[in-house]
Structure formats: C-alpha cells, structure tokens
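Under our numbering, think of the first position of the sequence shown as 69, with each following residue one higher.
A virtual CB, placed ideally from N, CA and C, is assigned to each residue, including glycine.
Single-structure report; data block below.
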Amino acid sequence: YYRTLQQLGAIGSHSRKGNCYDNACIESFFSHFKSEMFYLTSFHTKDELIQAIETYIYHDNYKRFQKRLNHQASIEYRISMTA
69 YYRTLQQLGA IGSHSRKGNC YDNACIESFF SHFKSEMFYL TSFHTKDELI QAIETYIYHD
129 NYKRFQKRLN HQASIEYRIS MTA
C-alpha cells in the first residue's frame, strides 16, 4: 500500500492512533455517497461514473442544505463564515 502511494506520488490520509474522529467528515461524506449514489446506480462506462461523481459532489457542496450549517449548503456556509 505505502509503496504504491509512493510510486504515485500520493500521500495517504490516516487518523492518529486511537483517534477515530480525525477522518469523521470524509467518512460521513463517503457513507452518504455510497448509499445515495453508488449503490443505487449502474455505470456502463468510466465516463458515466466520472460524470456521476462530479454531479454528486456538486450537489453535495452547492445544493444539499444541512440543519447543522444553519440550513445552508456547504459552500454557502463556508462563504458566510469568511465574510
């Protein structure tokens, strides 16, 4: 695993030992992603899969309103916090 990451010039993302909350946000995203999009759809080509992923990420960032973010989408909330 580490050798492949190194060959690709990638950096692995790992939690600190004993701290399951380090990756909680991305784990939550992938949980929703898999249950809402990936498991419900069949893809016939790589391009279909890529388009579906891009569409899902756009929807998640710009269209999904979240109660914990004051009923705003992620991007709106981020902008409001920097204004």
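Please list, in chain order, all residues of the same chain as residue i whose beta carbon is under 6 Å from its beta carbon, the five residues on each side excluded.
i	result
residue 105	124
residue 145	137
I'd like to check one pair, residue j with residue i: are the Cβ atoms closer than 8 Å?
i	j	result
residue 120	residue 109	yes
With DSSP as the reference, identify every bridge partner of residue i, one or two as the case may be.
i	result
residue 140	134
Have a look at residue i and residue j and give me their C-alpha separation to the nearest angstrom.
i	j	result
residue 149	residue 131	18 Å
residue 83	residue 95	11 Å
residue 50	residue 128	The question about residue 50 has no answer here: the residues shown for the chain are numbered 69 through 151.
residue 86	residue 113	40 Å
residue 147	residue 79	28 Å
residue 142	residue 70	32 Å
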